[in-house]
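Under our numbering, residues 18 to 341 are what the sequence shown spells out, in order. Take a look at the structure below.
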Amino acid sequence: MGRVGFTTTIPVEVLLAAGQEPVDLNNLFIGANHPQQMADQAEEAGYPRTTCGWIKGLYTAALTTEIDSVIAVMHGDCSNTQALMETLELQGMDMIPFAFPYDRDPQGLRASLYKLMDRFGVSEAEVEREKKRLDEIRRLCWIWDDLTWKSDQVSSFENHLKLVSTSDFEGNPDRFAVEMDKLIMEARQRQPESGKVRLAYIGVPPIFTDLYQVLESMGARVVFNEVQRQFSMPYQTENMVDQYICYTYPYGAFARLADIKAQVEQRQVQGIIHYTQTFCYRQIEDLIFRQKLGLPLLTLEGDKPGKVDARSRLRLEAFINMLG
Ligand code: SF4
C-alpha cells in the first residue's frame, strides 16, 4: 500500500479504490507536535513571510512525511497551490494536479475524475463501490453532527475534529468507523450542554489550536462548522459526480451561501464567526458574507499555529457577551 498526500479534500474514493492510504497534509500539519516550526522551515527554504501559514505548513508536511506523491487541487481551493506544487516538484516530489470546475459543471467534474482514476488505474465501478462503503461511514459523521446541534451532547471541538477528519478518514476508514461507533454510543449517554450562546463557524478550519475550547470557556458552543461539515459530504447522492457537485467548498462564496443560510436557520444560530487566514485571498469574501447572512458576524483572523492571541480573545468575549 502506498501513501498519497493531498492539499485539500479530493475524491478520496479514488485513492481507496487503488489501495492507497490517503493523507490530508493539512491534518498532518496542524496535528504535528510543533506546527509553527514547520511553517518556519518553509520560510527558511525561501517561502516569503507573507505567505499563508497553511501553505507553509503543507510544504513542510509534504517533505517530512513518507508519501509517494501529492495531489494538488489547482482549482477550487487555494490561489497559492500552483506555487506550492512547483516548489514541491523542485524538491523531486511526484505531483498530481486535480481541479474542481469553477462553474460547477458536472461534465467538467467528470473529466477531472476520470483523469484521476486513469492516473491510479482504477475503474468507475471500483470507485463507485468505495463511495457506497464511505456513505455508511459518512452517515456516522452526520449522526455526530446531529448530536452537536440537535441534542447538545457533542462539544464544538469534538464536532470540528471528527468532521475535519473525513477528508482522509485518518488514513483508515474502517478503523475510523469503529471509533465513530464507540464515540456516538458514549456521547448519547451524556447530559446535554444547554444554555450556551449558539455560534456558527464559517471559513477554512482555524490555525488556532485552542479556539473551540476558548469559545466554550466563554459560554458559547459552535453548533455549525461549515467547511468541516462539507468535508463529510452531508448529502444523499447516487454517484461520485453528484456527490462532488453537491459539495459546496470548491465553488466559491455564493455556492457556500445557500448552505450556510439554511444551516444557521435550522440550527438556531445566534451569531457567526467568519474565520479568515492572514494573507489568504478568501479574506476578500468576508464582505459577501457580511452583506448576505443577516446575522451578527465577527471576522476572526488567524496567522500562525498556536493559541488564540489576547486581542482575539477580547474580541470573541465581547461578541459572545453581546449575543448573550
Ligand atoms: S487559508 Fe487561504 S491561502 Fe491559506 S491554504 Fe487555505 S485557501 Fe490557501
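The beta carbon of each residue, even a glycine, is placed where N, CA and C say it ideally should be.
With a cutoff of 6 Å, I72 counts as near the ligand SF4, since its C-beta is closer than that to a heavy atom of the ligand.
As computed with DSSP, Y268 is found in no beta bridge at all.
One thing to note: I88 has its Cβ within 7 Å of the Cβ of F115.
If you draw a straight line from the Cα of R284 to the Cα of I305, it comes to about 21 Å.
When rounded, the separation of the alpha-carbon atoms in M339 and F23 is 40 Å. The three-state reading of DSSP puts D57 in helix, counting H, G and I together. Inter-residue distance for T68 and P267 is about 21 Å (C-alpha atoms, whole angstroms). Between the ligand SF4 and V231, a heavy atom-to-CB distance of less than 6 Å is absent.
Ranking L151, Q58 and G109 by CA distance to the CA of F248 puts L151 first. By alpha-carbon distance to R136, the top candidate from A35, G109 and V214 is A35. Looking at P190, D120, D57 and E196, the one whose alpha-carbon comes closest to that of E175 is E196. Counting C-beta atoms within 10 angstroms of its own C-beta, R215 has 16 or more neighbours from the protein chains shown and is therefore classed as buried. Separation of the CB atoms of T81 and A59 is rounded to 11 Å, and the pair is thereby denied contact status at 8 Å.
In the three-state DSSP reduction, V325 falls in the coil class, being neither helix nor strand. Annotation: G19 to V40 spans about 10 Å, alpha carbon to alpha carbon.
The ligand SF4 has no heavy atom closer than 6 Å to the beta-carbon of V181. Rounded to whole angstroms, the separation of the alpha carbons of A237 and I337 is 7 Å.
In this structure, the CA atom of N50 is about 25 Å from the CA atom of A194.
According to DSSP, residue pairing for R307 in a beta bridge does not occur.
Look at the segment 85-139 and you find these whole runs of beta strand (DSSP E), each 3 residues long or longer: 86-92 and 111-116.
Annotation note: the segment 177-224 contains the following uninterrupted alpha helix (DSSP H) runs of length 4 or greater, listed N- to C-terminal: 190-204. Rounded to whole angstroms, the separation of the alpha carbons of H291 and D303 is 7 Å. D85 places its beta carbon 7 Å or farther from that of T25. Excluding five sequence positions before and after Q108, the CB atoms of its chain that fall closer than 7 Å to its own CB belong to L80, given in chain order. Distance between G311 and D276, taken at the CA atoms: about 14 Å.
Looking at the DSSP output, P52 shares a beta bridge with no other residue.
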